[in-house]
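Right, one structure below, let's go through it.
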Amino acid sequence: MKIIEDISSALPKNAMISDICYEGSEIILYTKNKEFFKTCTELIKKIVNKVKKRIEIRADPSIVLDEEKTKELIKSVVPKEAGIADIYFEPEFAKVVIHSEKPGLVIGKNGETLNEIREKTFWTPNIKRAPVIDSEVIRSIRKMLHKEAGYRKKFLNELGKKIYTPGKEVDWIRFTALGGFREVGRSCILLQTPQSKVLLDCGLSVASNTKQFPYLDAPEFNIQGLDAVILSHAHLDHAGMVPYLYEYGYRGPLYCTRPTRDLMALLDLDYIQICQRENKKPPYSSKGIEEAIKHCVALEYGEVSDITCDMRLTLQNAGHLLGSSTSHIHIGDGLYNVLYTGDLKYEKTKLFEKASTDYARAETVIIESTYGSSEDSLPSHTEGEENLVDIVKKTIEKGGRVLVPCFAVGRSQDVIAILADSNIDVPIYLDGMLWDATAIHTAYPEFMAKSVQNQILHKGKNPFIDPRLKGIGSSKEREAVLNSVHPAVVLSTSGMLVGGPAIEYLQNFSEKPNNTLLFVGYQAEGTMGRRIQKGWKQIQLDNGKSIELKLGIETVQGLSGHSDQKQLLSFIEHLKNKPRKMVINHGENSKCVDLARTIHKMLKVETNTPKDLETVRLK
Ligand SMILES: [Zn+2]
0 MKIIEDISSA LPKNAMISDI CYEGSEIILY TKNKEFFKTC TELIKKIVNK VKKRIEIRAD
60 PSIVLDEEKT KELIKSVVPK EAGIADIYFE PEFAKVVIHS EKPGLVIGKN GETLNEIREK
120 TFWTPNIKRA PVIDSEVIRS IRKMLHKEAG YRKKFLNELG KKIYTPGKEV DWIRFTALGG
180 FREVGRSCIL LQTPQSKVLL DCGLSVASNT KQFPYLDAPE FNIQGLDAVI LSHAHLDHAG
240 MVPYLYEYGY RGPLYCTRPT RDLMALLDLD YIQICQRENK KPPYSSKGIE EAIKHCVALE
300 YGEVSDITCD MRLTLQNAGH LLGSSTSHIH IGDGLYNVLY TGDLKYEKTK LFEKASTDYA
360 RAETVIIEST YGSSEDSLPS HTEGEENLVD IVKKTIEKGG RVLVPCFAVG RSQDVIAILA
420 DSNIDVPIYL DGMLWDATAI HTAYPEFMAK SVQNQILHKG KNPFIDPRLK GIGSSKEREA
480 VLNSVHPAVV LSTSGMLVGG PAIEYLQNFS EKPNNTLLFV GYQAEGTMGR RIQKGWKQIQ
540 LDNGKSIELK LGIETVQGLS GHSDQKQLLS FIEHLKNKPR KMVINHGENS KCVDLARTIH
600 KMLKVETNTP KDLETVRLK
């Protein structure tokens, strides 16, 4: 291929390159020359500047140091405080993987320690943060990726070959709405050029029984013809059907951030269990989830990656939850740019910076509208924080207990961080999966707001290991909390009171007027949460039992992971270049239409509110 020829011709004769292969869009050169391996950094930089592709140089397996000796050397040069939890080797990639509680100390000042390891052992170090709270999900994902290193090497090389196959001219671009248009749930978009078919999210709706899955039976779509899947974040309404694609034969790449990958595994595994508990056949098995992870190409925020012969992807912070991202897709050579916001928060929250608006160009922006209507004016996040603490304190003063139904991932960690920062002095119980999700948060502080990173990395003040937090891991532990009379806060799934342990707590808490049911997140139409918010006092549980709600019902607004209308408009106004077309999705009918009308009026931009199954031509 031309790119390989260009690189080869720029290398000196004595470089002793034994292999050139792709790792997705990255090009890896393996050398047998130890001196060249140590001294080629400047030369490689020059070549990178010339060919505009990422290139990495690694040692040929024949020149790396013995594994045991390498381990010894690592332990002798890395300070003890780094808390090395594990060291293992991936000879396929000439990499040594180091799990450490404090990766900064393994890297050393200006990368000195890392360099020393590299130059003395010829292995390329790959450092992963060991979560402060043990996470079974992270442990098994890392183990699986290690076991599948040989497969991944082949897969990434084949992927690279496909990406670098010269593309033809892009004479049209279009997308088809497969789900999540004029509704919330089952988000799924098929973006197409003559040569590329890329799926943006593949979610399912937990609130609806009839409109549960995206239209994967649409004539435009076929699983085998798909080139790439981009996942904006781990919530089920975006990621819940990703494993289905793999279960039914898709073997291409899944692009997302590492926290999104891990949280997706957690939530999708839980979804299978929910189906089984409800005697429904899950749409996929754990095999589908495993395959998705095996084919995941994890990207950092801001990392530019070719994903097909005519599309280049950049993920940026979306401010919505851990690892959530906007997807910027550059199509053709300078031809067209599409920005898909996914779920978007354009305000700094306790845990995350506000969404990025740093995109060179975006001719079309596909934007969510969960709170897109003019009536949806949310109080500030700070105001939400104050209200939350206030309601909890008042309930505790009355000797009551607070139930906060939460998604396992997102608002719950926000609420935890707020409570950990307050002087509320009662136990905070995290039921079931909420605890696992919180553990995953402790592995990725670099995806959180600067202020939280500072707290965790420099002040040793990690909100997620606060002594007031107690994980509930078994029904026995739950029973103990239910039988106790002491004031407490319980955070539990499901966030909209459709199943989950939250129902058990609600049943138990409902009798006493001094208890409080506190909503902090979006309650979709058709859910029990929405009915209670509307004022229903007598509710029927799934087991047929009817209960009367005597406890206080409160909603704290402002803690949402979504933007209200003014934040959405502000996001658009802060984009470097005004888009030509705005497409509105991820909102109930009226919200989509209202936001479109407002954007058109205020910003004089063409707006579009397609329905599911409609196709829109962009170019
Ligand atoms: Zn979401």
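Start counting the sequence shown at 0; every next residue gets the next number (numbering that gives the first Met the number 0). Here a beta-carbon is modelled for each residue, glycine too, at the ideal position from N, C-alpha and C.
Task: Nearest-angstrom Cα separation, counted from residue 607 out to residue 61 - done: On the sequence shown, position 62 is the one that residue 61 refers to. On the sequence shown, position 608 is the one that residue 607 refers to. Cα-Cα distance, rounded: 58 Å.
TODO: Note down, in chain order, each residue of its chain lying with its Cβ closer than 7 Å to the Cβ of residue 539, except the 5 sequence neighbours on either side.
DONE: Indexing the sequence shown from 1 puts residue 539 at position 540. Closer than 7 Å at Cβ, skipping near neighbours: 545.
Open item on the list: Buried or exposed, going by whether 16 or more other CB atoms sit within 10 Å of the CB of residue 249?
Closed with: As a position in the sequence shown, residue 249 is number 250, starting the count at 1. Answer is buried; the Cβ neighbour count reaches 16.
TODO: With DSSP as the reference, please indicate the residues paired to residue 3 in a beta bridge.
DONE: Indexing the sequence shown from 1 puts residue 3 at position 4. Beta-bridge pairing links residue 3 to no other residue.
Task: Assigned exposure category for residue 260 - 16 Cβ within 10 Å defines buried - done: Along the sequence shown, read from residue 1 onward, the residue named residue 260 stands at position 261. Under this definition residue 260 is a buried residue.
- [ ] Quick one: residues in its chain with C-beta nearer than 6 Å to the C-beta of residue 293, no 5 flanking neighbours on either side, listed in chain order?
- [x] On the sequence shown, residue 293 is found 294 positions in, with the first residue counted as 1. Cβ within range, chain order: 147.
TODO: Starting from residue 554, follow the beta strand (DSSP E) in both directions and report where the run begins and ends.
DONE: Locating residue 554 in the sequence shown gives position 555, where the first residue counts as 1. Unbroken beta strand (DSSP E) run through residue 554: 551 to 554.
Open item on the list: Quick check: what's the CA-CA separation for residue 68 versus residue 421?
Closed with: The residue labelled residue 68 in the question sits at position 69 within the sequence shown. The residue labelled residue 421 in the question sits at position 422 within the sequence shown. C-alpha separation (whole angstroms): 49 Å.
Open item on the list: If the criterion is Cβ atoms closer than 9 Å, does the pair residue 493 and residue 305 meet it?
Closed with: What you label residue 493 is simply residue 494 of the sequence shown in a count that begins at 1. What you label residue 305 is simply residue 306 of the sequence shown in a count that begins at 1. It is not a contact, given that the beta carbons lie outside the stated cut-off.
- [ ] Classify residue 45 as helix, strand or coil using the three-state DSSP reduction.
- [x] Walking along the sequence shown from the start, residue 45 turns up at place 46. Note: residue 45 maps to helix in three-state DSSP.
Open item on the list: So, for residue 159: in the same chain, excluding its five sequence neighbours on each side, which residues have a beta-carbon less than 8 Å away from its beta-carbon?
Closed with: Stepping through the sequence shown from its first residue, residue 159 is reached at position 160. The answer, listed in chain order, is 20, 21, 22, 23, 24, 25, 26.
- [ ] Can you tell me which of the three DSSP states residue 336 falls into?
- [x] The residue labelled residue 336 in the question sits at position 337 within the sequence shown. Three-state DSSP puts residue 336 in a strand.
Task: Cβ neighbours of residue 291 in the same chain (closer than 7 Å, five flanking residues each side left out) - done: Position 292 of the sequence shown holds residue 291. Excluding positions up to five away in sequence, the list reads 241, 242, 245, 253.
- [ ] Give a yes or no on contact between the stretch 357 to 365 and the stretch 560 to 574, applying the rule of three or more CB pairs nearer than 8 Å.
- [x] yes
Task: Euclidean distance between Cα positions of residue 141 and residue 444 - done: Residue 141 sits at position 142 when you count from the first residue of the sequence shown. Residue 444 sits at position 445 when you count from the first residue of the sequence shown. C-alpha separation (whole angstroms): 18 Å.
Task: Cβ pair residue 54, residue 16 closer than 9 Å - done: What you label residue 54 is simply residue 55 of the sequence shown in a count that begins at 1. What you label residue 16 is simply residue 17 of the sequence shown in a count that begins at 1. The answer is no: Cβ separation not under 9 Å.
- [ ] Return helix, strand or coil for residue 438, following the three-state DSSP convention.
- [x] Counting from 1 along the sequence shown, the entry for residue 438 is found at position 439. If DSSP states are grouped into helix, strand and coil, residue 438 belongs with the helices.
Open item on the list: Report the start-end ranges of each alpha helix (DSSP H) in the stretch 442 to 476 that is 4 residues or longer and not cut off at the edges.
Closed with: 449 to 457
TODO: Counting only the same chain and skipping the five closest in sequence on each side, list residues whose C-beta sits under 8 Å from that of residue 193.
DONE: Position 194 of the sequence shown, counted from the start, is the residue given in the question as residue 193. Counting only Cβ-Cβ distances below 8 Å, and skipping sequence neighbours, we find 167, 169, 170, 171.
Task: Assigned exposure category for residue 441 - 16 Cβ within 10 Å defines buried - done: Position 442 of the sequence shown, counted from the first residue, corresponds to residue 441. So residue 441 ends up on the buried side.
Task: Proximity test, residue 236 beta-carbon vs ligand 1 heavy atom, cut-off 8 Å - done: In the sequence shown, counting from the first residue as 1, residue 236 sits at position 237. Within the cutoff, so yes.
Task: Continuous alpha helix (DSSP H) stretch holding residue 400: start and end - done: The residue given as residue 400 occupies position 401 in the sequence shown. Where residue 400 is concerned, there is no enclosing alpha helix (DSSP H), given that its DSSP letter is neither H nor E.
Open item on the list: Please return the same chain residues whose Cβ sits closer than 8 Å to the Cβ of residue 222, not counting the five positions on each side in sequence.
Closed with: For the purposes of this step, residue 222 is taken as residue 223 along the sequence shown, with counting starting at 1. Contacts found: 215, 244, 247, 248, 249.
Task: Same chain, Cβ closer than 7 Å to residue 273, neighbours up to 5 away in sequence not counted - done: Working through the sequence shown from its first residue, we reach residue 273 at position 274. Taken in chain order, the residues that qualify are 498.
Open item on the list: Here's the rule I'm using: 16 or more other beta-carbon atoms within 10 Å means buried, otherwise exposed. How should residue 410 be labelled?
Closed with: Mapped onto the sequence shown, residue 410 falls at position 411. Under this definition residue 410 is a buried residue.
Open item on the list: Could you check whether the Cβ of residue 440 sits closer than 8 Å to any heavy atom belonging to ligand 1?
Closed with: In the sequence shown, counting from the first residue as 1, residue 440 sits at position 441. No; taking the cut-off as 8 Å, the Cβ of residue 440 has no heavy atom of ligand 1 nearer than that.
Open item on the list: Tell me whether residue 342, by its Cβ, gets closer than 8 Å to a heavy atom of ligand 1.
Closed with: Within the sequence shown, residue 342 is the residue found at index 343, counting from 1. Indeed, a heavy atom of ligand 1 lies less than 8 Å from the Cβ.
TODO: Compute the minimum distance between the beta carbon of residue 409 and the heavy atoms of ligand 1, and state whether it is under 8 Å.
DONE: For the purposes of this step, residue 409 is identified with residue 410 of the sequence shown, where counting begins at 1. Because some heavy atom of ligand 1 lies under 8 Å away, the Cβ of residue 409 counts as near it: yes.
Task: Contacting residues, own chain, Cβ-Cβ under 6 Å from residue 614 (five flanking each side not counted) - done: Indexing the sequence shown from 1 puts residue 614 at position 615. These residues qualify, in order along the chain: 173, 175.
Open item on the list: Please state whether the Cβ-Cβ distance between residue 620 and residue 467 is less than 9 Å.
Closed with: Because the chain spans 0 through 618 in this model, residue 620 falls outside it and cannot be assessed.
Task: Close Cβ partners of residue 503 (< 6 Å) along its chain, the five nearest in sequence each way excluded - done: Residue 503 sits at position 504 when you count from the first residue of the sequence shown. Excluding residues within five positions, none has a Cβ falling inside 6 Å.
Open item on the list: Taking the beta strand (DSSP E) that residue 255 belongs to, which residues open and close that run?
Closed with: As a position in the sequence shown, residue 255 is number 256, starting the count at 1. 253 to 255 is the extent of the beta strand (DSSP E) around residue 255.
Open item on the list: According to DSSP, simplified to helix, strand and coil, what is residue 589?
Closed with: Reading the sequence shown from its first residue, position 590 is the one you call residue 589. Looking at residue 589 - three-state DSSP - the assignment turns out to be helix.
- [ ] Output the residue ranges of the beta strand (DSSP E) runs that lie fully inside the stretch 271 to 312 and measure 3 residues or longer, sorted by chain position.
- [x] 295 to 297, 303 to 307
Task: Cβ-Cβ distance between residue 310 and residue 227 below 9 Å - done: As a position in the sequence shown, residue 310 is number 311, starting the count at 1. As a position in the sequence shown, residue 227 is number 228, starting the count at 1. Going by C-beta atoms, residue 310 is nearer than 9 Å to residue 227.
Task: Bounding residues of the beta strand (DSSP E) (the contiguous stretch that carries residue 581) - done: The residue you call residue 581 lines up with position 582 of the sequence shown. Run containing residue 581: 580 to 584, per the beta strand (DSSP E) assignment.
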